[in-house]
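J.: In the numbering used here, the protein residues as written are 2 to 70.
A virtual CB, placed ideally from N, CA and C, is assigned to each residue, including glycine.
Here the structure is a predicted model, which means the values were calculated and not measured.
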(Lines of atoms letter the chains of each structure in order from A and count residues from 1; the text may use other names and numbers.)
(Lines give C-alpha, C1' and ligand atoms only; values in the text may rest on other atoms or scores of the structure.)
Protein backbone atom coordinates (compact mmCIF):
# COMPACT_ATOMS: atom_id res chain seq x y z
CA UNK A 1 0.00 0.00 0.00
CA UNK A 2 2.74 2.44 0.90
CA UNK A 3 4.67 1.71 -2.29
CA UNK A 4 1.47 2.02 -4.33
CA UNK A 5 0.77 5.44 -2.81
CA UNK A 6 4.39 6.46 -3.31
CA UNK A 7 4.29 5.35 -6.95
CA UNK A 8 1.05 7.30 -7.49
CA UNK A 9 2.60 10.37 -5.87
CA UNK A 10 5.69 10.10 -8.09
CA UNK A 11 3.48 9.69 -11.15
CA UNK A 12 1.50 12.82 -10.29
CA UNK A 13 4.69 14.73 -9.51
CA UNK A 14 6.20 13.68 -12.83
CA UNK A 15 3.04 14.65 -14.74
CA UNK A 16 2.97 18.07 -13.05
CA UNK A 17 6.66 18.61 -13.78
CA UNK A 18 6.11 17.72 -17.43
CA UNK A 19 3.23 20.22 -17.64
CA UNK A 20 5.46 22.93 -16.17
CA UNK A 21 8.27 22.05 -18.59
CA UNK A 22 5.86 22.19 -21.53
CA UNK A 23 4.61 25.62 -20.50
CA UNK A 24 8.20 26.84 -20.07
CA UNK A 25 9.12 25.54 -23.51
CA UNK A 26 6.03 27.16 -25.02
CA UNK A 27 6.86 30.38 -23.19
CA UNK A 28 10.40 30.36 -24.54
CA UNK A 29 9.08 29.58 -28.00
CA UNK A 30 6.75 32.60 -27.81
CA UNK A 31 9.59 34.84 -26.62
CA UNK A 32 11.78 33.65 -29.51
CA UNK A 33 8.95 34.43 -31.94
CA UNK A 34 8.60 37.94 -30.50
CA UNK A 35 12.36 38.48 -30.60
CA UNK A 36 12.45 37.33 -34.22
CA UNK A 37 9.74 39.88 -35.08
CA UNK A 38 11.65 42.64 -33.28
CA UNK A 39 14.87 41.75 -35.10
CA UNK A 40 13.03 41.71 -38.42
CA UNK A 41 11.65 45.20 -37.74
CA UNK A 42 15.09 46.43 -36.73
CA UNK A 43 16.60 45.00 -39.92
CA UNK A 44 14.01 46.87 -42.03
CA UNK A 45 14.60 50.09 -40.08
CA UNK A 46 18.37 49.89 -40.55
CA UNK A 47 17.99 49.09 -44.25
CA UNK A 48 15.76 52.14 -44.77
CA UNK A 49 18.07 54.36 -42.70
CA UNK A 50 21.04 53.24 -44.80
CA UNK A 51 19.15 53.98 -48.03
CA UNK A 52 18.29 57.47 -46.76
CA UNK A 53 21.90 58.08 -45.72
CA UNK A 54 23.18 57.03 -49.14
CA UNK A 55 20.59 59.24 -50.88
CA UNK A 56 21.44 62.15 -48.57
CA UNK A 57 25.18 61.76 -49.24
CA UNK A 58 24.51 61.57 -52.97
CA UNK A 59 22.50 64.82 -52.86
CA UNK A 60 25.12 66.65 -50.80
CA UNK A 61 27.90 65.40 -53.07
CA UNK A 62 25.98 66.72 -56.07
CA UNK A 63 25.45 70.08 -54.38
CA UNK A 64 29.14 70.34 -53.47
CA UNK A 65 30.13 69.67 -57.07
CA UNK A 66 27.74 72.36 -58.33
CA UNK A 67 29.15 74.95 -55.93
CA UNK A 68 32.69 74.15 -57.09
CA UNK A 69 31.78 74.83 -60.73
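#1: Could you confirm whether any beta carbon from chain C is found closer than 8 Å to the beta carbon of residue 9?
#2: Measuring only the C-alpha atoms, how far is residue 17 from residue 51?
#3: Return the CA-CA distance between residue 22 and residue 36, expressed in angstroms with no decimal places.
T.: Reading it off the structure:
#1: This model lacks chain C altogether, as it is built from one protein chain only.
#2: Residue 17 sits at position 16 when you count from the first residue of the chain shown. Residue 51 sits at position 50 when you count from the first residue of the chain shown. Here the alpha carbon of residue 17 sits roughly 51 Å from the alpha carbon of residue 51.
#3: On the chain shown, position 21 is the one that residue 22 refers to. On the chain shown, position 35 is the one that residue 36 refers to. Cα atoms of residue 22 and residue 36: separation of roughly 21 Å, rounded to the nearest angstrom.
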